[in-house]
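**Student:**
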Amino acid sequence: HPPSDIVIQFDPATKTLTATIKHRVSNPKSHYIYKVDIGLNGKEIKMLPFAQQETNSSQMVHVVIPEAKKGDLLSVEGYCNLSGKLEKEIKVV
């Protein structure tokens, strides 16, 4: 199943994007978020691979994006290793 939600925050002072990909599973070693793509203005800028999920309920990522500025669109897309994906976006303020 795809992630149920993605909560994204961006700190303009540190240029750090923090995202919590919500994905409830019974075994985070066999059913997990295996990849997270980070986008800036519609273009993929980083791909983060994972071999297992951090917890039974979510995978968290922290990414510094020095080129992000006010008005930019940041996206986070989480992929389940079994099936499905979810993408969410925020605007830098």
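Quick note: the sequence shown uses our numbering, first residue 6, plus one each step. Yeah, the Cβ is synthetic: ideal placement off N, Cα and C, and Gly gets one too.
Just the C-alpha distance for Lys51 and Val12, rounded to the nearest angstrom, thanks.
**Tutor:** Distance between the alpha carbons of Lys51 and Val12: 18 angstroms.
**Student:** Report the residue from Val98, Val97 and Cys85 whose alpha carbon sits nearest the alpha carbon of Ile26.
**Tutor:** Measuring from the Cα of Ile26, the nearest candidate turns out to be Cys85.
**Student:** Looking only at DSSP bridge pairs, what is Asp77 linked to?
**Tutor:** DSSP output for Asp77 lists no bridge partner at all.
**Student:** Give me the Cα-Cα distance between Gln14 and Glu72, rounded to the nearest whole angstrom.
**Tutor:** The straight-line gap from Cα to Cα measures roughly 16 angstroms.
**Student:** When you compare the CB positions of Val66 and Val41, do they come within less than 8 angstroms of one another, or not?
**Tutor:** Going by C-beta atoms, Val66 is nearer than 8 angstroms to Val41.
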